[in-house]
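Read in order, the letters of the sequence shown are residues 1 to 688 in full-length UniProt numbering.
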Amino acid sequence: MDESSSEDEDRGPPRKLLKPKSKKYKQNFRQEWMKDPSFQQWLLPLKHHESEPSCKVCSKKLTCSKTALQRHGESIHHKQAYANASRQVSIYTSLQNQDSANVYKEITTAQVAAFIAAHNLPLRLAPFLLDLIKARCPKNSQETNCLRKIEIGATKCTNVIRQGIGLHYAQELIDILRRMRYSIIPDETTDVSSEKQLAVCVMYVDETDLLPVTRFLDIVEVDNSGANGLYQAIRAIFQEKFIPLSNIIGYSSDTCNVMFGENLSVSTLLKKDFPHVTAVKCSCHLIHLCASHACLKLSKSLEDLCRNIYSHFSRSSLRQKDFKQFQEFVEAQPHKMLKLSQTRWLSLESCVNRILEQWEALRLYFIAFVADGKDPSYTTDSILNALNNKFVLAQLEFLSAQLKRLNEFNTMFQSTEPLLHYLREEVTKLLKDILSDFISMDVVRKEDPFTIDLDCMNIRLPLDKVYMGILATNTLFELKDDPNVQTVKKACVEFLVELVKQIRSRFDMKDPIFKLVEFLIPSNAVKCVPPSLNELFLTLPYLAEVADVTRADQEWRKQALEEPEEVAPEETSTVFLQKRLNAKTLNGTLKYPNLKKVVACVMSLPCSNASVERVFSLLKLIKTDFRNALKRETLVGLMHAHVGMKANDVHAHQLELNAEFVRVLKSVKSNATDSEAGELIRERFKKV
C-alpha cells in the first residue's frame, strides 16, 4: 500500500480532461440574401467564386456572413459609394434614353412639317412655330395640367384676335393719336371679294425719341367712292374711335381726281374743314405718271415688244424649255421674262432690262421659232423683226438708262423715313440731271431748272452731242451712216423734253412749305439755315399749341453753336436730329425741349402714300381666295395684330402681356358673333 501511495504522490494532482474542439464549417453564399431589402441593391455573388459574397458598389469581396454583410451595409464607406453610384446612369439606360430622345425629335419635326403642309401655311413659318412650341413648353405639372385644359376653336380664336390682340394694339395706337399731331394717308382698293375698301394709315413722330412711326389705323367698305363718300368715311373712322380730327396736320394720297382734284376732292374737303393741313401729292405716283407720259414720245412698238414677249412664254412650259436651250447656248442667265404692269410703279424698267439681258438668246430663239413654222402669227413675226432691229435695241438701252434714275427717285421716297424736307432738293437734282442730257451744261448749272426755256434751241445741244447713255451711244455708232439715227435721237430728245415738262408741272415746288421744312436737313441745322424759324411758325400756326415758339426759335439758333459735327453722308436726318436734340444739360434736362417738339411735329408730314400700298399688300395676303368671306372686324383685328407685333418687334412666342393686355384678353367674349364683336369693340373705344 505504501509503495502505491508513494507513486501517487510522485504523479501530483490529477489533470483536468479537455473537451474536444468543435469543427468549424465554412458558410456558403445564400441566394435568399439577395432578396433581402437590406442587401438586394448591392449584394452579388463573387465572380468565379459564387459561394462568396461581394459588393457591386464598393467592388470588393465580403465575408460570407449575414452579420458581416449587415456591418458592411451600415459602414460610411459603403454609404458614400452607394450614393455616388445611384447618381450614375448605366450605358444601356443612357443609350436607351438617347434613342428615345432622337425618336421624339423626329416625330416633333415631322408633326410641325405636317401641320404646315396640311394647312397650306408658308414654309418660312416653321422656325417661328417651333419657337412658339418651345416657349410654351410646360415647366411643371401645374402648367402641364393647364395646357391639357386649354381649348380653342375657330370662333374663340377669331374673337381673341379681334377683341383681344388686335384691339390691344389698336387701343395702343388710338391713345397716342388722341394726344399727338399726326398725318393721314388714305387710299382705296378693290379686294379679292370685289368689295371697295378704304384703308387709312397714320404717320406721327414720337417726341420722346424722335422715332418716326407709320401705322395702319382702319379699313372700311365704302359704297360711295366719290369725294364726299370717302371723306365722310374717313371722318367716321376717327369719330368712332374718339380721335380728334383737329390733330390732323398732314395728308397724302395718290393723285387721282377724287383724292386730289382742284374743285371737289378729299383734299379740298379736308382743307375746308382744317385749313392748317399740309396736303402733299404722293411723290411715287407723280414720278410714275411723268415716266408714263414721256414714254408716249417713243415708239409704241417698245411697249408692245415687252408685252408680246411675256405673253409668248407665259402659258407655255414647252416654249420656256426650248428657250432655256438658247440661254445655255449664249451663256445667259436662266431668267424668266417679266410682265409689264400698268399699276406697279415703274415696272417698265425691270421688263426692259430683262429683255436687254436676254437679247441674243431671244433673237436666236425667235429665228428658230419662225423658221420652224409650227405656229405662224403676226405677233411672232413682229417680235422677230423688232429683235433684228438695232434701232429698237438702241431705244431700249436709252429707256433703261432714263428709267433707272426715275426708279431711284421713286425708291427713295418709298422709305418709311420722313423725307418731305428733301423733296425740293431731290426734284431739283433730278431735273438738272435730265436737262444736262440735251441742254448745255453751263446753262443747267446757272439757271433754275424750273424756269429754263425748253423751246430755246440756242441752249440745246446738237443731236450728235445729246447724251443717250453708253449702251445706246455705242449701238447707234454702229449705225452712224444710217439716216434713221437722227430720227431715233430726235425721239429720245422729245422723251427728255416731255419728262422735264411733266416733272415741272406735277411737282409744284412753289408751295413755301417745301422750302420751310428744309431746316431739318443736317447741313442746314449745323449752319443755322434759316437764321430764324419765324416764317415756319407763321405758316404752321398749330406749332404754337405744341411748343413755346419763342423759346423754340432761340433753341434753334443755340443748337447751331454746338461743337461742329461731321455729318456722315449715309446718316439720315432722323439719326442726326435724334443725337442733337436728345442732348441734355448738366442737371439732366433737355437742352432743346421746345425745338424737339417742333421738329417732331414737322417730321410727321408725309411725302408719299407708299405705306398704305404696303397695307394693301398685307390685305392680299390675309384676304385670299380661300378667306374671301372675312368680316371687317376680323380683317381689322388680323391686320392690327400683324402690324402691332411688327411695330413692337416681337414674334408670337415673345409676346408679353402687361396688366392692361391681360385685362383686355379677360374681357373677350369667346362666342361673340360678327355683329356682337363689332359692338363690343365700339363700346371698348367709348370706355377708353
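Note that beta-carbon positions come from the ideal geometry of N, C-alpha and C, so glycine has one too. Keep in mind it's a predicted model, so treat the numbers as computed, not measured.
Boundaries (first-last residue) of the beta strand (DSSP E) holding residue i
{"i": "valine 280", "result": "278-281"}
{"i": "phenylalanine 216", "result": "211-221"}
{"i": "tyrosine 251", "result": "248-253"}
{"i": "proline 53", "result": "49-55"}
Where residue i falls, given that 16 or more other Cβ within 10 Å makes a residue buried
{"i": "glycine 250", "result": "buried"}
{"i": "valine 668", "result": "buried"}
{"i": "glutamate 555", "result": "buried"}
{"i": "lysine 79", "result": "exposed"}
{"i": "alanine 472", "result": "buried"}
{"i": "glycine 588", "result": "exposed"}
{"i": "valine 650", "result": "exposed"}
{"i": "methionine 1", "result": "Unreliable placement is indicated for methionine 1, whose pLDDT of 44 sits below 50; no coordinate value is reported for it."}
{"i": "aspartate 442", "result": "exposed"}
{"i": "serine 317", "result": "exposed"}
{"i": "cysteine 256", "result": "exposed"}
Three-way DSSP call (helix, strand, coil) for residue i in this model
{"i": "isoleucine 622", "result": "helix"}
{"i": "alanine 199", "result": "strand"}
{"i": "methionine 337", "result": "coil"}
{"i": "proline 186", "result": "strand"}
{"i": "glycine 678", "result": "helix"}
{"i": "tyrosine 467", "result": "coil"}
{"i": "valine 650", "result": "coil"}
{"i": "leucine 384", "result": "helix"}
{"i": "valine 205", "result": "strand"}
{"i": "isoleucine 152", "result": "coil"}
{"i": "lysine 631", "result": "coil"}
{"i": "methionine 1", "result": "With a pLDDT of 44 at methionine 1, under the threshold of 50, the predicted position of this residue should be treated as unreliable, though the coordinate-derived value follows. DSSP places methionine 1 in coil when its eight states are reduced to three."}
{"i": "leucine 44", "result": "strand"}
{"i": "isoleucine 367", "result": "helix"}
{"i": "isoleucine 76", "result": "helix"}
{"i": "lysine 584", "result": "strand"}
{"i": "lysine 241", "result": "coil"}
{"i": "aspartate 322", "result": "helix"}
{"i": "residue 691", "result": "In the structure as shown, the chain begins at 1 and stops at 688. Residue 691 is therefore absent and cannot be evaluated."}
{"i": "leucine 173", "result": "helix"}
{"i": "lysine 480", "result": "coil"}
{"i": "residue 754", "result": "The first residue shown for the chain is 1 and the last is 688, placing residue 754 beyond what the model contains."}
{"i": "leucine 536", "result": "helix"}
{"i": "leucine 496", "result": "helix"}
{"i": "lysine 61", "result": "strand"}
{"i": "leucine 590", "result": "strand"}
{"i": "asparagine 609", "result": "coil"}
Range covered by the alpha helix (DSSP H) that runs through residue i
{"i": "arginine 181", "result": "From DSSP, arginine 181 is part of no alpha helix (DSSP H); its letter is neither H nor E."}
{"i": "proline 593", "result": "593-602"}
{"i": "proline 522", "result": "522-527"}
{"i": "valine 127", "result": "Looking at the sequence itself, residue 127 is proline, so the reference to valine does not match. Unbroken alpha helix (DSSP H) run through proline 127: 126-135."}
{"i": "leucine 454", "result": "That residue, leucine 454, is in no alpha helix (DSSP H); it is neither H nor E in DSSP."}
{"i": "leucine 665", "result": "659-666"}
{"i": "leucine 406", "result": "390-412"}
{"i": "glutamine 559", "result": "549-559"}
{"i": "histidine 421", "result": "420-435"}
{"i": "leucine 269", "result": "266-273"}
{"i": "lysine 515", "result": "513-516"}
{"i": "phenylalanine 29", "result": "It is not in any alpha helix (DSSP H) - phenylalanine 29 carries neither H nor E in the DSSP assignment."}
{"i": "arginine 445", "result": "441-446"}
{"i": "serine 350", "result": "348-357"}
{"i": "methionine 259", "result": "257-260"}
{"i": "valine 330", "result": "Taken as a continuous stretch (DSSP letters only), valine 330 belongs to no alpha helix (DSSP H), as it is neither H nor E."}
{"i": "glutamate 545", "result": "543-546"}
Integer Cβ distance of residue i from residue j, believed to fall under 8 Å
{"i": "residue 694", "j": "valine 222", "result": "With the chain covering 1 to 688 only, the question about residue 694 has no answer from this structure."}
{"i": "arginine 405", "j": "phenylalanine 438", "result": "The Cβ separation is near 14 Å, so there is no contact."}
{"i": "leucine 399", "j": "leucine 302", "result": "7 Å"}
{"i": "cysteine 284", "j": "asparagine 410", "result": "5 Å"}
{"i": "proline 212", "j": "proline 418", "result": "5 Å"}
Residue i Cβ short of 8 Å to the ligand COA heavy atom set
{"i": "lysine 66", "result": "For the structure depicted, the ligand COA is absent and the ligand set is empty, with no information on it obtainable."}
Touching by the beta-carbon criterion (3+ pairs, under 8 Å), the stretch 568-579 and the stretch 518-533: yes
Stretch pair the stretch 445-453 + the stretch 360-379: three plus CB contacts closer than 8 Å: no
The stretch 645-658 contacting the stretch 131-138, beta-carbon criterion three pairs below 8 Å: yes
At least 3 beta-carbon pairs within less than 8 Å: the stretch 416-426 vs the stretch 483-501: no
Stretch-stretch touch, CB-based, cutoff 8 Å, three pairs: the stretch 153-173 with the stretch 587-602: no
Cβ pair count under 8 Å reaching 3, the stretch 271-280 against the stretch 289-298: no
At least three beta-carbon pairs within less than 8 Å, the stretch 194-201 to the stretch 610-630: yes
Cβ pair count under 8 Å reaching 3, the stretch 663-677 against the stretch 148-165: yes
Validate contact between the stretch 311-330 and the stretch 527-541 using beta carbons, cut 8 Å, 3 pairs: no
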